[in-house]
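Structure first, then comments.
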């Protein structure tokens, strides 16, 4: 009796508890429910009825690869001064369009104008000296002809005339040089384009070679994008490709202008440059995607409103031969034409699927609410 009491007090409670634990684990793991084949489930609807359907199509579609890049100007100019002078005025700002020859910057020209005046006065003196030397030379030549003057005096007068003539020519060149330097105080646009950066303000000192403005030619904008070598080898200069400008939500046509004949080893890509059409809303530095044809791809296409989404899973109701429905889980890919989407798995070409309507949504919601 003592052994039986010990068994009832110790072993029996432990055995009952272990049995209950095993039963709970089995229930949580679904041991007491019916198993459903993965990926398929019969919908709790006996027949199709008059619900609309659509057929899964198999289509051939041009496959497009994308190469992301940046809009850059092929013609970009940094405007700088050629002389050291203070800036009196700047006539343009960033974003302005300029034509070739437009006055952009005016430098202080007082010192340069004074140099021109000095050179002109020096020319007057040199001209007077040359005229006097010419008169003295003619007098010495006449005296030598009459046997009155000496040869040495004639030679000296001739040398004086040559020196005076050279000084006059030098003075003329000094005027031309001073006028050229004076012209440098007015900085004009070397070509038509758009001002993209203003690097100085009136009152600053302009130094030779230091950029003051940056101008690019809007007509020379092109997309520069690294393209995978397997795609780049099939491109050639002159090819017309589409470029997607995300900021404008617009696609424009571009022409391949240059393919840099050297691959980048880490990325295995070639730099492709495609010229864009000139428009007022395209700017340097914008983001663009070069759309490159990469062949033809066969895939299944399904109506978008046939798909039921539950969390991150996607399902469709497939019509069997006997007009009953079968729910299947599918996996979709890229969007196709409006209202259709690529299907990667779950259905076959030619199968019919039920299109979702308002009544279908209500029935499915009620079915989910009453499901265990």
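Numbering (this note's numbering), first residue to last: 947 to 1318. Here a beta-carbon is modelled for each residue, glycine too, at the ideal position from N, C-alpha and C. Just so you know, these numbers come straight off a predicted model, no measurement behind them.
(Q) Please classify residue 1233 as buried or exposed, where buried requires at least 16 other C-beta atoms within 10 Å of its C-beta. (A) exposed
Q. What number of angstroms, rounded off, separates the C-alpha of residue 999 from the C-alpha of residue 1198?
A. 38 Å
Q: Rank 996, 1019 and 1294 by C-alpha distance to the C-alpha of residue 1165 and give the top, closest one.
A: 1019
Q: Could you name each continuous beta strand (DSSP E) segment of 3 residues or more that falls completely within the segment 1114-1178, going from the start of the chain to the end?
A: 1132-1134, 1139-1144, 1157-1162 and 1167-1174
Q. Does the segment 1134-1143 come close enough to the segment 1036-1044 to have 3 or more Cβ pairs within less than 8 Å?
A. yes
**Q.** First and last residue of the uninterrupted beta strand (DSSP E) at residue 1032
**A.** 1031-1036
Q: Go ahead and pull the three-state DSSP assignment for residue 971.
A: helix
Q) Whose C-alpha, out of 1216, 1160, 1167 and 1193, is nearest the C-alpha of residue 1176? A) 1216
Q: Measure the Cβ-Cβ separation of residue 1160 and residue 1024 and say whether it is below 9 Å.
A: yes
Q) If you drop the 5 nearest sequence neighbours on each side, which residues of the same chain put their C-beta closer than 6 Å to that of residue 1120? A) 1065
Q: Note down the Cα distance separating residue 1151 from residue 1130, rounded to an integer number of angstroms.
A: 14 Å
(Q) Starting from residue 1077, trace the alpha helix (DSSP H) in both directions and tell me its first and last residue. (A) 1056-1091
**Q.** Identity of the residues DSSP links to residue 1249 by a beta bridge
**A.** 1286
(Q) Could you tell me the alpha carbon to alpha carbon distance between residue 1294 and residue 1220, rounded to whole angstroms? (A) 41 Å
**Q.** residue 1265 and residue 1274 closer than 9 Å at C-beta
**A.** no
Q | Beta-carbon contacts of residue 1289 that lie in its chain and below 8 Å, excluding the five residues immediately before and after | A | 1002, 1245, 1246, 1247, 1248, 1276, 1277, 1278 and 1279
Q. If we count the other Cβ atoms within 10 Å of its Cβ and call it buried at 16 or more, is residue 1117 buried or exposed?
A. buried
(Q) Taking only three categories from DSSP, how would you classify residue 1212? (A) coil
Q) Just to confirm, does residue 1280 get its C-beta within under 8 Å of one of the non-hydrogen atoms of the ligand SAM? A) This structure lacks the ligand SAM; in fact it carries no ligand of any kind.
(Q) For residue 1126 and residue 1228, what's the separation of their Cα atoms in angstroms? (A) 38 Å
Q) Grouping DSSP H, G and I as helix and E and B as strand, with all else coil, what is residue 1109? A) helix
Q: State yes or no: is the C-beta of residue 1178 within less than 9 Å of the C-beta of residue 1205?
A: yes
Q) For residue 1267, does the three-state DSSP call read helix, strand or coil? A) coil
Q: Identify whether residue 1049 lies in helix, strand or coil by the three-state DSSP scheme.
A: strand
Q: For residue 1013, count neighbouring C-beta atoms within 10 Å of its own C-beta (all shown protein chains included) and say buried if the count is 16 or more, exposed if not.
A: buried
Q.
Given a cut-off of 9 Å on the beta-carbon distance, is the pair residue 1218 and residue 1202 in contact?
A. yes
Q: Answer with buried or exposed for residue 988, where buried requires no fewer than 16 other C-beta atoms within 10 angstroms of its C-beta.
A: Model confidence at residue 988 stands at a pLDDT of 47, short of 50, so the residue's coordinates are unreliable; what they give is reported in the following sentence. It counts as exposed.
Q. Start and end of the beta strand (DSSP E) containing residue 1027?
A. Per DSSP, residue 1027 belongs to no beta strand (DSSP E) and is neither H nor E.
Q) Should residue 1238 be labelled buried (16 or more other beta-carbon atoms within 10 Å of its own) or exposed? A) buried
Q. Is the Cβ-Cβ distance between residue 1033 and residue 1128 less than 9 Å?
A. no
Q) Taking the C-alpha atoms as reference points, what is the distance between residue 1101 and residue 1068? A) 26 Å
(Q) For residue 1013, report the span of its beta strand (DSSP E) as first-last. (A) 1003-1019
Q.
Judging by CA-CA distance, which residue of 1168, 1296, 1292 and 1196 is the nearest neighbour of residue 1022?
A. 1168
Q: Select from 1192, 1214, 1191 and 1188 the residue whose C-alpha is nearest the C-alpha of residue 1173.
A: 1214
Q: Report the three-state DSSP secondary structure of residue 1104 (helix, strand or coil).
A: helix
(Q) Given this structure, state the Cα-to-Cα distance separating residue 1134 from residue 1074, to the nearest angstrom. (A) 38 Å
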